[in-house]
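Here is the structure we will look at.
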Amino acid sequence: MTHLFLLKDMPGHLAYLRDRFTTLDSRPTLEPLYIGLFGSSGAGKSTLLNTILGKRFFLPVSGTRTCTSCQVYVSVCRSKHYEAKIFLLSDEEWKEEVKNLVTLLENRHENSEIDGDLEHAIKVLKAIYGEGADEKSYEDLMRSKPVITIPPSRVITLKKTEAEDLANELDPYIRNQDGLEGVELVGNPQCSEQMRLWPLIKQVQVSLPPSDLVPEGVVFVDIPGTGDANKKRDEMWKESILQCTSIWIVADVERVFGAKAHEIMVQEAIKACQAGKCSDITFVITKMDKINVDEYLRSHPEASRDVSKRDAILGTKQDLKARKTRTLRERMKRNLPSDAEVLQKQELVFPVSAQEYWNPTVLRREDTEIVGLRAHIRKLYLDTKRSQLQDYMKEILVVFSLVDVYHSTHLSQNPSVNKDELDVFMSEKIQTLKKSAEVTFGHMDAPLINGVRSARMKYRRNIEKVFMQGKTSSGFHRTLKAVCVRKGVYVSRVFNRIDINNCLAEPIYADIGAMFANIFRKQALTRTSLQTSINEFSKEVKDKFMDFGKVTKKSELQCVSSFGWRVWSTL
Numbered sequence: 001m002t003h004l005f006l007l008k009d010m011p012g013h014l015a016y017l018r019d020r021f022t023t024l025d026s027r028p029t030l031e032p033l034y035i036g037l038f039g040s041s042g043a044g045k046s047t048l049l050n051t052i053l054g055k056r057f058f059l060p061v062s063g064t065r066t067c068t069s070c071q072v073y074v075s076v077c078r079s080k081h082y083e084a085k086i087f088l089l090s091d092e093e094w095k096e097e098v099k100n101l102v103t104l105l106e107n108r109h110e111n112s113e114i115d116g117d118l119e120h121a122i123k124v125l126k127a128i129y130g131e132g133a134d135e136k137s138y139e140d141l142m143r144s145k146p147v148i149t150i151p152p153s154r155v156i157t158l159k160k161t162e163a164e165d166l167a168n169e170l171d172p173y174i175r176n177q178d179g180l181e182g183v184e185l186v187g188n189p190q191c192s193e194q195m196r197l198w199p200l201i202k203q204v205q206v207s208l209p210p211s212d213l214v215p216e217g218v219v220f221v222d223i224p225g226t227g228d229a230n231k232k233r234d235e236m237w238k239e240s241i242l243q244c245t246s247i248w249i250v251a252d253v254e255r256v257f258g259a260k261a262h263e264i265m266v267q268e269a270i271k272a273c274q275a276g277k278c279s280d281i282t283f284v285i286t287k288m289d290k291i292n293v294d295e296y297l298r299s300h301p302e303a304s305r306d307v308s309k310r311d312a313i314l315g316t317k318q319d320l321k322a323r324k325t326r327t328l329r330e331r332m333k334r335n336l337p338s339d340a341e342v343l344q345k346q347e348l349v350f351p352v353s354a355q356e357y358w359n360p361t362v363l364r365r366e367d368t369e370i371v372g373l374r375a376h377i378r379k380l381y382l383d384t385k386r387s388q389l390q391d392y393m394k395e396i397l398v399v400f401s402l403v404d405v406y407h408s409t410h411l412s413q414n415p416s417v418n419k420d421e422l423d424v425f426m427s428e429k430i431q432t433l434k435k436s437a438e439v440t441f442g443h444m445d446a447p448l449i450n451g452v453r454s455a456r457m458k459y460r461r462n463i464e465k466v467f468m469q470g471k472t473s474s475g476f477h478r479t480l481k482a483v484c485v486r487k488g489v490y491v492s493r494v495f496n497r498i499d500i501n502n503c504l505a506e507p508i509y510a511d512i513g514a515m516f517a518n519i520f521r522k523q524a525l526t527r528t529s530l531q532t533s534i535n536e537f538s539k540e541v542k543d544k545f546m547d548f549g550k551v552t553k554k555s556e557l558q559c560v561s562s563f564g565w566r567v568w569s570t571l
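If you count the sequence shown from 1, position 227 lands on 227 in UniProt numbering, and the numbers rise without skipping.
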């Protein structure tokens, strides 16, 4: 049968079947499960990930400052080695970055105030071009030779047999070098050069040998902060969020409530759920071992005066879990359909302590909830793989059903009549489905019009919220300039993420959110749900082909009726 796939001149229907088979054969049966660790600087994402993996100091950690400077993908594979690939910005991407940095630094001497954004821009240019780079024009920098060696392939590959060896070699590439740019390490010029590559690093992919702790096929994405000042890395930041099946919002126990960054993260996670790929939002509260007994007693006057630190931690953990679960669930209910998969989950919040997991001085290991998080990962993995296998089998059944129909129509006494009849029927039903879809999407018109009207009325007030952030900063005009250069979006080291586009469009999202969720819901369907029209189309097509099978009285079509056409009910 293989030779049939090599034929150049074949009927259109056979070519279609061939292409469907080829697509199924080339596509991996099980796609990776991406889990994004999404949190503010210093929240403990790398420490948490190391603990989940059972490798305490694999990714760089620090108790005092940000450690991870770029997106890091960590996965388990079948190799016996520990491997890493460091991807650098392309030449064009780097040129655009330099142009933006030079624009940001223009006229900076007119004001003596140097903010975090200016400091960062200066450090970036000095790291690649050396001292005095921040005083040069874009054209001069493009003519300058970098003071470090940049691999022509823009990819650096590391491979070790021991985790510690890879961790040591990987550390200079992914550790945040803020404050260390330009520092020469005495006796180790190679490490110094690796450290100075940090502005060029786009992302890092790390793979570990098989583990009993994490299933193969799970990919963790350590996502730093709320975006990146570099345009390309910020685009990847957005893409990685939409790529994730599960998003973990990681927060220090002392910053669980009220942090603006967390609000941005929750909103981005909800948008990912609305887009359809993400089905799980988990809030992880780190560093539970920091709970102080005296503080616990002040907030719990009814507690016993001789309460132990373990009981204080467990009591606080229970309170935080209940409060954060309630607020997170209420936030999601306002933006997601009531039958959304994430809203059906019982466990939304995990208060953990990686420190106590490794050195249990106060808590027992089961109290740290690290084991519970691993179980959460395994359940998510099994549920996702089961769903992927079901979808894959549905596609296989569709192809076999089409083969059966083609075979049966050509065995009948008058195949051309049968084919013409089916062609006419399918054309009519496809047109009916098209009209139903148009009516369904038409329900979006009213909220969309209202949203646009609301956005026009509120634009001044919304944009003033952005301007108010710089009320006490004389250098805010430079930040606004960077926002304009980057087409409305800039991640500032002083003012965090500024997204004027989203700010102006927020009233539109607010008005269309409920209708959008209703149109694309998969359960508890209504007349305005797109799936309702698809189900009606599927039932009518299935009934037609079953009637067709009874008329032809062919044994092959009996197989189609009992087996193949069951697939239509699953569309």
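By construction, the Cβ of each residue, glycine as well, lies at the ideal position given by its N, Cα and C atoms.
Looking at residue j and residue i, is the spacing between their C-beta atoms short of 9 Å?
{"i": "P32", "j": "V155", "result": "no"}
{"i": "P238", "j": "L89", "result": "Note on residue identity: the sequence assigns Lys, not Pro, to residue 238. In this structure, L89 does not lie closer than 9 Å to K238 by Cβ."}
{"i": "M393", "j": "V541", "result": "no"}
{"i": "I97", "j": "V124", "result": "One detail in the question is off: residue 97 reads as Glu in this sequence, not Ile. Yes, they are a contact pair."}
{"i": "N492", "j": "G42", "result": "Note on identity: in this sequence residue 492 is Ser, with Asn being the wrong assignment. For S492 and G42, no; Cβs fall outside 9 Å."}
{"i": "I500", "j": "V466", "result": "yes"}
{"i": "L30", "j": "L389", "result": "yes"}
{"i": "S454", "j": "A514", "result": "no"}
{"i": "I463", "j": "L525", "result": "no"}
{"i": "residue 580", "j": "V61", "result": "The shown model of the chain, from 1 to 571, leaves out residue 580, and the question about it has no answer."}
{"i": "G270", "j": "M195", "result": "It should be noted that the sequence gives Ile, not Gly, for residue 270. Cβ atoms of I270 and M195: not closer than 9 Å."}
{"i": "A163", "j": "P337", "result": "no"}
Please go through the same chain and pick out, in chain order, the residues whose beta-carbon is closer than 6 Å to the beta-carbon of residue i, but skip the five residues on each side of it.
{"i": "K45", "result": "L37, G39, D222, V250"}
{"i": "E268", "result": "I241"}
{"i": "M265", "result": "F38, I249"}
At the level of alpha carbons, what is the spacing between residue i and residue j?
{"i": "I35", "j": "N335", "result": "21 Å"}
{"i": "G258", "j": "E506", "result": "20 Å"}
{"i": "R323", "j": "V307", "result": "22 Å"}
{"i": "D19", "j": "S401", "result": "15 Å"}
{"i": "V398", "j": "D25", "result": "14 Å"}
{"i": "L433", "j": "L530", "result": "10 Å"}
{"i": "V204", "j": "E139", "result": "30 Å"}
{"i": "I247", "j": "V284", "result": "10 Å"}
{"i": "I370", "j": "W358", "result": "10 Å"}
{"i": "W198", "j": "A275", "result": "32 Å"}
{"i": "L17", "j": "V403", "result": "8 Å"}
{"i": "V72", "j": "T47", "result": "13 Å"}
{"i": "I150", "j": "I128", "result": "9 Å"}
{"i": "A229", "j": "T161", "result": "35 Å"}
{"i": "G130", "j": "E119", "result": "15 Å"}
{"i": "S555", "j": "M546", "result": "In this prediction, S555 scores a pLDDT of 47, lower than 50, which makes its location untrustworthy; the coordinate-derived value is nonetheless stated afterwards. Distance between the alpha carbons of S555 and M546 is about 13 Å."}
{"i": "T325", "j": "L422", "result": "53 Å"}
{"i": "S474", "j": "K126", "result": "25 Å"}
{"i": "D339", "j": "I498", "result": "33 Å"}
{"i": "T22", "j": "K385", "result": "22 Å"}
{"i": "E92", "j": "K145", "result": "16 Å"}
{"i": "E536", "j": "S387", "result": "23 Å"}
Quick check on residue i - is its C-beta less than 9 Å from some C-beta in chain B?
{"i": "E506", "result": "In the structure shown, chain B cannot be found, because there is only a single protein chain."}
With respect to 8 Å, is the separation between the Cβ of residue i and the closest non-hydrogen atom of the ligand GTP below this value?
{"i": "Q243", "result": "As far as ligands go, the structure on display features none, and thus does not contain the ligand GTP."}
Taking residue i and residue j to be in contact with their CB atoms under 8 Å, please state how far apart those CB atoms are, rounded to whole angstroms.
{"i": "F479", "j": "G470", "result": "According to the sequence shown, residue 479 is Thr rather than Phe. Between G470 and T479 the Cβ distance is about 6 Å, and since that is below 8 Å, they are a contact."}
{"i": "L348", "j": "L328", "result": "6 Å"}
{"i": "C273", "j": "C244", "result": "10 Å between Cβ atoms; not a contact."}
{"i": "D280", "j": "L314", "result": "Not really, about 25 Å apart at Cβ, beyond 8 Å."}
{"i": "L208", "j": "L363", "result": "27 Å between Cβ atoms; not a contact."}
{"i": "I519", "j": "M444", "result": "7 Å"}
{"i": "V76", "j": "E216", "result": "5 Å"}
{"i": "V256", "j": "L320", "result": "6 Å"}
{"i": "K345", "j": "N496", "result": "The pair is not a contact, with the Cβ atoms about 29 Å apart (cut-off 8 Å)."}
Excluding five sequence neighbours on each side, which residues of the same chain lie with their C-beta closer than 8 Å to the C-beta of residue i?
{"i": "H376", "result": "T282, E347, F350"}
{"i": "N100", "result": "K231, A482, V485, R486"}
{"i": "P447", "result": "D511, I512, A514, M515"}
{"i": "P301", "result": "none"}
{"i": "S137", "result": "V102"}
Within a Cβ cutoff of 7 Å, which residues of the same chain sit near residue i, ignoring the five residues on either side of it in sequence?
{"i": "H262", "result": "I249, A251"}
Cβ pair count under 8 Å reaching 3, the segment 159-178 against the segment 50-64 = yes
Per the contact definition of three or more C-beta pairs closer than 8 Å, is the segment 459-474 in contact with the segment 429-440?
-> no
Between the segment 344-359 and the segment 286-296, do three or more beta carbon pairs fall short of 8 Å?
-> Touching, yes, given that three or more Cβ pairs across the two stretches are closer than 8 Å.
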